[in-house]
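A.B. asks:
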Amino acid sequence: MRVRLGTFSAAILTFGMLMLGVRAADAQLPPMSSIMMDAATGQILYAQNADQPRYPASLTKLMTLYMLFEALRDHSITLNQLMPVSVHAASVEPVKLGVAPGGRISVEEAILAMVTLSANDAATTAGEFLAGGDETRFGALMTLKAHTLGMDDTVFRNASGLPDPAQVTTAHDVAILARRLIQDFPEDYHYFSTPSFLFHGRVIFNHDNLLKSYPGADGMKTGYTNAAGHNLVTSALRGGVRLIGVVMAAPSNGYRDRQMAGMLNAGFSTELGPATALAAASAAAAARLAQAKAGTGPVVPVEATLPDGQRQVGSEVGLAARTVPNWSLDLGSYRSKGDAYRALHIGVKTAGGGVMHLAAARVRSHLRWHAWIAEVSPARARSTCSAMNHYGRTCVAVRPYNSREIAER
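Numbering-wise (this note's numbering), the sequence shown opens with residue -15 and increments by one.
1) Check for me: the alpha helix (DSSP H) holding H59 runs from which residue to which?
2) At a cut of 8 Å, does the segment 48 to 59 reach the segment 242 to 257 through at least three beta carbon pairs?
3) Taking the C-alpha atoms as reference points, what is the distance between S49 and T109?
4) Looking at the secondary structure, which residues open and close the beta strand (DSSP E) in which V91 lies?
5) Look at T154 and Q12 and say whether their C-beta atoms are less than 8 Å apart.
6) Rounded to the nearest angstrom, what separates C379 and S75 at their Cα positions?
7) By Cβ distance, which residues of its chain are closer than 8 Å to N373, with the 5 residues on each side in sequence left out?
8) Please look up how many angstroms separate the CB atoms of N237 and H214, rounded, as I've assumed it's under 8 Å.
9) Determine the extent of the alpha helix (DSSP H) in which P362 is found, giving its start and end residues.
10) Which partner residues of D314 appear in the DSSP bridge assignment?
11) Could you compute how far the alpha carbon of V152 sits from the alpha carbon of P15?
12) Pick out whichever of A162, A358, G87 has its Cα sitting closest to the Cα of A23.
13) Quick check on this structure: which residue in A365, N142, H156, M232 has the alpha carbon closest to the alpha carbon of Q27?
14) Short of 6 Å in beta carbon distance, which residues of its chain neighbour A324, apart from the five on each side in sequence? Order them along the chain.
15) According to DSSP, is Y208 helix, strand or coil?
16) Inspect the beta-carbon positions of I166 and M135 and report whether they are closer than 8 Å.
17) Three-state secondary structure (DSSP) at V193?
18) How would you call D105, buried or exposed, if buried means at least 16 neighbouring beta carbons within 10 angstroms?
19) Should L194 go down as buried or exposed, given a rule of 16 or more other Cβ atoms within 10 Å for buried?
20) Return the CA-CA distance between A304 and F181, expressed in angstroms with no decimal places.
21) Just the C-alpha distance for G145 and P78, rounded to the nearest angstrom, thanks.
22) Given D192, which residues of its chain have a CB within under 6 Å of its CB, disregarding the five upstream and five downstream residues?
23) Give the secondary structure of M135 by DSSP, where H, G and I count as helix, E and B as strand, and everything else as coil.
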């Protein structure tokens, strides 16, 4: 496992020191496990106790959901198909939908109940349904599937994550599962960001706090038992980069959420790094210089210097050029030209106009596409970045260089 610890911010070390203090007073839980993974490549960016056995608690439901999504993909079940709720499924505690024995829930209701409420009766019903009424058999099927996905240190015993001393996993294995859910079922991933759903006249809310508090977070799952501690898997997208974080055996929900936010912040800083940062001054100067060279023409030649001295050269589209120099929007760097174009079009639509700039840069042997928009009013630049940041998109409002500064370049 390749771990890049040196490039992570001091926030991670601070969290680690805090963790030691908490653990001294909390002898019942093992040391907290955590891991940060690049969803596109599978590269491990950070890991701490990531291969040590931990109880998954309701993170188990990620595998139950994987197997439901797989059955849907294979057309062996449908979203509207009704599943019978057995006496056993109806009796599981403590968190559940509360469907009486003999009742039925649809496959989609079970999915929504698992990702929002983490309903144990919904998970048990799904497991029994997929395994011919036998949850023990479903546990064996889950374990087999886990091993085929590369989760070599995982054993499942039930569909819900209710306590079982033999049901164990690792933070690393959970990250593998999260990544496979994203990659294998992109059409179903949207379920993980469901804020609430209506079940039999009752509104059931998602209790994953980071979906509301962390810009860019759009899934996945919480989990808790006394023996497991507070667990969390989060996937977040910024600047065309998706990261997956796992925290297990945290002492509280709040501590778990802060640890996750710190890891994600450090992870995005590492991944987007110098390429994100066509620094504000450089972006502004390059945009002004490009505008001066190109006038109102549709093609804008761009040449700029990254903060570490690397050169960046390219030429791309101009849109709605204006005659008065104004502010710019730095939209960050992306791994593909298509992602950069999408960011530009979202930025222009949000800002209500502007001149789009796109340039290619090679950073650490990888090609990155840097996007920014020139000719935006100061008020519109601030409001646009505020709106884009709220939804997890990279945007920095950059003040213009004056004409003398442009001439000097």
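All C-beta atoms, glycine included, are put in the ideal place defined by N, C-alpha and C.
C.D. replies: On the basis of the supplied data:
1) Neither: H59 is in no alpha helix (DSSP H) and is coded neither H nor E.
2) no
3) First, the amino acid is wrong: residue 49 is Leu here, not Ser. The alpha-carbon atoms of L49 and T109 are separated by roughly 12 Å.
4) Per DSSP, V91 belongs to no beta strand (DSSP E); it is in the alpha helix (DSSP H), 91 to 100.
5) no
6) 49 Å
7) P199, C379
8) 5 Å
9) 362 to 374
10) W356, V380
11) 15 Å
12) A162
13) H156
14) Y318, L342, W353, A355
15) strand
16) no
17) Going by the sequence as given, residue 193 is Asn instead of Val. The answer is coil: DSSP assigns N193 none of H, G, I, E or B.
18) buried
19) buried
20) A caution first: A304 carries a pLDDT of 31, below 50, which makes its placement in the model unreliable, though a value can still be read off. Roughly 42 Å separates the two Cα atoms.
21) 12 Å
22) T206
23) coil
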